[in-house]
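First up is the structure itself, then whatever we jot down about it.
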Amino acid sequence: MSDACSIPGLTVPRSRFTAPEQDLTETGNESRVVLAGGCFWCVEAVYLAVDGVTRVESGYAGGSADTANYEAVCTGQTGHAEVVDVHYDPSRVSFGELLQLFFSVAHDPTQLNRQGNDIGTQYRSAIFYQTDEQRQVADAYIRQLNQAGVYTDPVVTRLEPLDAFYPAEGYHQNFAARNPGQPYVMAAALPKVEKLASAWPEKLKSRQGPDDTDPA
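Under our numbering, the first residue of the sequence shown is numbered 20, with each subsequent residue one higher.
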């Protein structure tokens, strides 16, 4: 990771990011979505702070098992993207609400195959959908944002089927929380969490407990 990463939304008011006009109707107490938005340290840090998110794991998706490791993925030649596997309670936060934060806080969806100074297909913006319903809702929201002109440039987020999720190495898990003084974390990850807190305070966890934190 390089030492700088753009922070979306700082010049775009929250009011521009309207809720998705379509959303999933989900039952049960756990669902998941796999998202790619540049450095997984940053995206993980954002979602760990969101109320209703029960677990977040950094990893890789889009390539094969034999190249699902950090050294290989960093070459940009594996097909993998750095992703986060977000588990959530749909009675507390919806798929659409998680997408709203993905596009407004977690990353800049107008940057093609990069996030700030992190350049390569491994840093692409993508939603790895598990069902056709997830794909439809995500596609509709991308069109909604583009039609509203939320960003000056079009959203370039890709929709890719989730063939497999491969967990990243242990030292990557919960990285920002465990390394708050690390230069990249201070420059890129923590400002996004601060943006979440200032723009979407009602989305924050009100407590930290066994079910609300990543165990790594």
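The beta carbon of each residue, even a glycine, is placed where N, CA and C say it ideally should be.
Being a predicted model, the structure only gives us computed values, none of them experimental.
query: Specify, as a first and last residue, the run of the alpha helix (DSSP H) that L118 falls within.; result: F114 to L120
query: Alpha carbon to alpha carbon, how far is L164 from A84? Give it in angstroms, no decimals.; result: 34 Å
query: Among residues of its own chain, excluding the 5 on either side of V105, which ones have a beta-carbon nearer than 7 Å to its beta-carbon?; result: R51, V52, L54, Y66, V72, V75 and L117
query: Check whether the region 182-189 and the region 87-105 are in contact - that is, three or more C-beta pairs closer than 8 Å.; result: yes
query: Distance check for Y170 and R35, CA to CA, integer angstroms please.; result: 9 Å
query: Using DSSP with H/G/I as helix, E/B as strand and the rest coil, what is P220?; result: helix
query: Along the chain, which unbroken stretches of the alpha helix (DSSP H) at least 4 residues long are found entirely within the region 44-116?; result: 59-67 and 89-92
query: CB-CB under 6 Å to V204, same chain, minus the five flanking residues each way: which ones, in chain order?; result: A195 and N198
query: Taking 8 Å as the cut-off, does the region 107-116 touch the region 133-147 (at least 3 CB pairs, one atom from each stretch)?; result: no
query: Going by C-alpha to C-alpha distance, which of A68, H99, G115 and G95 sits closest to G78?; result: H99
query: Kindly indicate the opening and closing residues of the alpha helix (DSSP H) around Y160.; result: D151 to A167
query: How would you label N48, buried or exposed, when you count the other beta carbons within 10 angstroms and need 16 or more for buried?; result: exposed
query: Please give me, in chain order, every unbroken run of the alpha helix (DSSP H) with length at least 4 that falls completely inside the region 171-205.; result: 194-197
query: Starting from the C-beta of D230, find all residues in its chain whose C-beta is less than 8 Å away, skip the five residues before and the five after it, and write them out in chain order.; result: In this predicted model, D230 has a pLDDT of only 43, less than 50, meaning its place in the structure is not dependable enough to derive any value.
query: By how many angstroms is the C-alpha of G56 removed from the C-alpha of T129?; result: 11 Å
query: Given that a residue counts as buried once 16 or more other Cβ atoms are within 10 Å of its Cβ, and exposed if not, what is E221?; result: exposed
query: Between the Cα of E188 and those of F59, D42 and R33, spot the shortest distance and give me the residue it belongs to.; result: F59
query: Can the beta-carbon of G115 be found less than 8 Å from the beta-carbon of A38?; result: yes
query: From the DSSP output, which residues share a beta bridge with F36?; result: Answer is none; F36 lacks a bridge partner.
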